[in-house]
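Here the sequence shown is numbered in this note's numbering, starting from 42 and rising by one per residue. For each residue, glycine too, the CB sits at the ideal point set by N, CA and C. These numbers were taken from a predicted model, which means no experiment stands behind them.
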Amino acid sequence: MTTVAIVPARGGSKGIPRKNLAMLGGRPLVVHSIEQALACAGIDRVVVSTDDDEIAVVAAAAGAEIVRRPAAISGDTASTESAIEHALSCWRADGWQPDRIVLLQATSPFRAPGQLDAALTEFERSGCDSMLSVVRYCGFVWRTDAQGQARPCSYDPGTRPRRQEIHDTWLETGSFYAFTRELFERTGARLGGRIATFAVPEADALDIDEPADLERARAEAARRGLVAPGELAGFDWLLLDVDGTLTDGAMYYGEGGDELKRFDTRDGAGIGRFKASGGRVALFTGERSQAAARRAEKLAIDHVVIGCRDKAAAFEELCRRFRVAPERVIAIGDDLNDLPLVGRVGMFVATADARPEVRAAADWSTTARGGHGAVRELTDRLVAA
């Protein structure tokens, strides 16, 4: 049985601009599904259906074949089924057809190793025509009718069961589907005939649609260690923010009105290790803080900008002065004034407690909070790389 994996990946996205290229665990989002499909022994070809030039380049570099989707089926209202039918028509024109299709949702990046292999083995064992990934669901589902009246969908309120008594109820995850070509050509749908379910862990069911979903996904990626040390190799400079990154963002005043800030000595030790490994460090802060200046002096920071109002301009000056390529700089920050660095530096890292907009834009987020080991977490990875 010949099996092809199709990963639909449009360039447009409302909730998260350029969502399929958002960085997660050191890789563009779409690459996770490509790599998982390539690792599956039961999949013969891996194809990305896209209308976007950049996605096509990224997907091809990751090892996928590309089917260029026409504009007519690339808008917000275009169905996934239209992309499948278009791919099939392209293959028919080339004289080739798969027996089975595995549809992978690019916005569902978490699939445990071996999950797709196990699903296809179960597909063949069960003799089904189609299969979907699910998680167990023990909730109580309601809907409202045209009059606004609440109606139960999944149980009788008069004989309310205990949750532990709810069995064999599943929630569709959207992560993956498998179905025969014959079924799809006959029905135009991904599910039909004899349908089987394949249960996956709840953590694998995360679907990225809004910025908050991407934040959760980055936290999960960090928990799984998906940013490998090797992916942080090649950075010569570390660019630091102060308030909210080297500190917890709080400001204290002594009895004499002196400004006080709390710095984590673990971060300082990590910066020392990074410098000892040959790295150089810059510090940009918008505050005109003597505490920050003294801390920078103690840590022997190579380049310090106090009272920085334009971090993009300061970064360009850093690159000119020290003749460093922008892609050789990794930056870490927590607030909106750090966003101009995104897309300019080689990699931008957000602290775990950074503003939601910053975490959504970052290439990676730490698991530690600013002022509580976030910089040390990053420097340890840089040194290990």
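In terms of Cβ geometry, residue 216 and residue 182 do not form a close pair [threshold 8 Å].
Cβ neighbours of residue 401 within its own chain (closer than 6 Å, five residues either side excluded): 252 and 255. Within the same chain, 65 and 66 come within 6 Å of residue 262 by CB-CB distance, once the 5 residues on both sides are set aside.
Following the DSSP letters along the chain, one finds residue 70 inside the alpha helix (DSSP H) bounded by residues 70 to 79. As DSSP reads the structure, residue 49 sits in a beta bridge with 90. Relative to the Cα of residue 232, the nearest Cα in the group 68, 218, 55 and 59 belongs to 218. Between residue 236 and residue 171, the CB-CB gap stays under 8 Å. Every unbroken stretch of the alpha helix (DSSP H) spanning 4 or more residues and falling wholly within the stretch 216 to 243 is given here in chain order: 222 to 228.
Pairing residue 88 with residue 47 gives a Cβ-Cβ distance under 8 Å. About 5 Å separates the beta carbons of residue 149 and residue 248, which is inside the 8 Å limit, making them a contact pair. Contact holds between the stretch 382 to 391 and the stretch 346 to 360, because three or more Cβ pairs, one in each stretch, are under 8 Å apart. Per DSSP, the continuous beta strand (DSSP E) segment holding residue 106 begins and ends at 106 to 109. Per the coordinates, the alpha-carbon of residue 44 lies some 10 Å from the alpha-carbon of residue 82. For the pair residue 343 and residue 424, the Cα-to-Cα distance works out to about 18 Å. Measuring C-alpha to C-alpha distances from residue 225 to each of 143, 341 and 340 identifies 143 as the nearest. Here the alpha carbon of residue 63 sits roughly 10 Å from the alpha carbon of residue 259. A check of alpha carbon separations from residue 119 across 74, 180, 50 and 73 identifies 50 as the nearest. Rounded to the nearest angstrom, the gap between the Cα atoms of residue 415 and residue 250 is 27 Å.
Secondary structure note for residue 391: its beta strand (DSSP E) is the uninterrupted segment 388 to 391. In terms of Cα proximity to residue 220, the closest of 59, 357, 292 and 160 is 160.
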